[in-house]
Every structure is written in C-alpha cells, then in structure tokens.
Amino acid sequence: MGRNQHSIISSFDRLAAINRSITTSLNFNEALRLIVVNAAELFSADTSLLLLVEDDGILRVKAAHGVESANIPDFSGPMEESVIRNLSIHLNLEPAKELVTVPIVADGSLNGFLAIVRESQMTAEEHWQLSALADQAAIALNNARLHEFQTGEAMRQRDETLAALRESHRKINNILESITDLYYQLDPEWRFVDVNKRVEELFGKNFDELVGKIIWEVFPQAVDSELYPQFHKAVETRTPVHFELESKIADGVWFEAHAYPKKTGLSVYLRDISERKTSDREIAFQARLLSAVEQAVIATDLDGKVVYWNSFAEALYGWSAEEAIGANVM
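Per the working numbering, the very first residue in the sequence shown carries number 26; after that it's consecutive.
Right, here's the structure in full:
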C-alpha cells in the first residue's frame, strides 16, 4: 500500500476516534480539555491552546495543555494578528519551535482559535488534520452548550451542529472516494460497513447491495481465495496482513491487498496491480526464451552493466548469473 493512501486512511481513523471522544462529552469544560489534550497528542506538540471569543468580545484562553493558561493574558483588537504576535511573545518560543493556529468557526462566525506549538514544521496533510480537528472542536463545543442550555434556541443550534457533523463526514468521505483504488470496511461479523466507488465499479454491486451484507455471502467465490484465510489471520492475531492475489470476483484482475484490524472490524485496501503482473509474465516469458537459446546471451544497459546472463554464458565464461549481473563490461 502506498504511503500516502495509508496515511489518508490512518488520519481518517484517528480523527474519527477523536471526534467520538470530544463530541460525546456534553460537559463544556471537559470538552475543552479533551480538545487540547487530543491536539497535543495527535501532532506530538509541546503545547496546545484553545482560545474563544467571549460575549464581551475579548479572546481568552479557555483550555491549555503543556502550559498554565493563567500565564496567557486576554487578547483584544485584530484577532488574527494579535493572537500570533502575543502568543509568540508570552509563550517565549524558542527559534526552532513553530506556532500554528487555525480558526474555530461556527455559524459562519469566527469563535476562536486552536493553537499548537512544536519543533518540526507541519506537512500539508497535518495542516488539513488540524483544520479538521478545529471543525470537530466547533461541533463538540456546540453540542456541550446545547446540553447545558436546553432551550428552543439550543434545539435550532443542534440541527446546525448535526448538519456540520454531516458535512465533516462528507469531506472525509470525499477524500476516501478520491482514492483511485478499492477501499472498504467490514464489521466484526464480516458485514460491509462502507465501500468506495471503485469497489462498486469493479465488483459490479452498488452501495445498498453491499452495506449490511456479509462479504462471504455476497461473494461466495471469495471463500476459496486468499482473502478468506488472510482476513481471518488479521482478525485473530490483531496484526495487519499484506498479500497479492488474483481476484475471483473481478476476472483477470490482480490485487495487492492490505487489511488492518480494528476494534470495529477490518479496514481493507486493494490496489490493482494487473498491469504489473502482465509485465512480469512477459518478462518471465522472454527470459525463458533467451534461456532456451543454445548460445551465450548477454544483455547490458546503456552504461555497460550486465542485466541478463543466460546459462550458456555461465558455461562459456565461468561466471554464474548472480556474479555477472550488475558487473560492468565497458
């Protein structure tokens, strides 16, 4: 599995776990604490801060991890500029450390900032993760406020919170749908929980025909494939498995399979390697043809390095193919 795809899937799983943690806490102060703790852990940050704009228009630190919030003064004025400038000053940042802030937005308004401090620069993917965490923080804080107030206005905000949560899930699903290879999740009973478009296209069944159904019943031919023992091995040993197989569902298609066990089941990623397999077969066929030639056959690259050395060359020159390949004959 490619590092980027694996990273995308791992990021999704981590953010989903954090989302469950902070959105199920209906105590406002506990939600604040969970947000900064998870931010620090997710990005290996020395410090994480959550600043919110209060009713008087002043931006205040409402939760902190790795630093005492009492040591950080209130801020006022142009927030984007003053937050970064004043935080950098009062945190007494070392030159090697980086302060990264992302806005917390709810109902189209800027409600505050989520900030982290760490030594290494953030990657583009980590910036996306931090923004996604800020979106989840906005949802979690709204949820906690709704629980505390329990008014008609709170019910209206709850609807907006659910819409925002659906939008957050939609964004994550869009990322998974953009993966050009196959991705699906199975629950502990081997039922499909989620599939991307490539699964629907290549396996010839739509989302509704798969989700909630047991994989071995929908595709009984898979029981006699390498999927069955490998998937069971992953679940029973709680370790990822990686293997190649020729699909018994999509004719003529070879996959590089990666299965990752979780408490909620199994995440499966399949990369189509049919072209590579075809190329490997052609190379092997050509090698057999050359080996059948009853003369010494030697092939080199443009730099004069030996890339092929058949058995007759071994007999003629006294060097084995293992010794000759890679040697320079120029």
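We put the beta carbon where it would ideally sit given N, CA and C, even for glycine.
Of the listed residues E79, L75 and F217, nearest to V86 (C-alpha basis): L75
Helix, strand or coil at T176 according to DSSP, with G and I counted as helix: Only weak support exists for where T176 lies, its pLDDT of 49 falling under 50; the value from the coordinates is given anyway. Note: T176 maps to coil in three-state DSSP.
Check whether N63 and I47 have beta carbons under 8 Å apart: yes
Test item: CB-CB of I60 and A169 under 8 Å: no
Length-filtered (4 minimum) alpha helix (DSSP H) runs lying within the segment 199-235: 222-228 and 232-235
Coil, strand or helix - V248 by DSSP: helix
Beta-carbon gap between V354 and A338 smaller than 8 Å: no
Cutoff 7 Å; reference I350; Cβ partners in own chain excluding five residues on either side: V331, V332 and W334
Member of E269, S292 and Q146 whose CA lies at the smallest distance from the CA of P213: S292
Alpha-carbon to alpha-carbon, V260 and R45: 23 Å
Residues near E225 in its chain [Cβ-Cβ closer than 7 Å; skip 5 each side]: N231 and F232
Neighbourhood of L155 by C-beta, 6 Å cutoff - its chain only, sequence neighbours within 5 removed: V127
CB-CB length for V255 against V266, believed under 8 Å: Checking the sequence, you will find Gln at residue 255 rather than Val. About 5 Å separates the two Cβ atoms, so the contact holds.
Buried/exposed call for T72, threshold 16 Cβ in 10 Å: buried
Cβ separation of L227 and N136, assumed to be a contact under 8 Å, to the nearest whole Å: Not a contact, Cβ separation roughly 44 Å.
Segment limits, beta strand (DSSP E) that includes A89: Run containing A89: L84 to H90, per the beta strand (DSSP E) assignment.
Presumed contact (8 Å Cβ cut-off) between A42 and R143, rounded CB distance: Actually they are not in contact, since the Cβ atoms of A42 and R143 sit about 21 Å apart, beyond 8 Å.
Residue(s) in a DSSP beta bridge with T126: A140
CA-to-CA distance, S299 to D38, given in whole angstroms: 29 Å
Option nearest I274 by Cα separation, candidates E281, P245 and K288: P245
P286, buried or exposed, once every other Cβ within 10 Å from all chains shown has been counted against 16: buried
Own chain, CB closer than 8 Å to V278, minus 5 neighbours either side, in chain order: L227, E271, S272, D297 and S299
Endpoints, beta strand (DSSP E) assigned at L291: G290 to D297
Alpha carbon of G237 to alpha carbon of G290, nearest angstrom: 13 Å
C-alpha distance - L124 paired with S113, whole-angstrom precision: 7 Å
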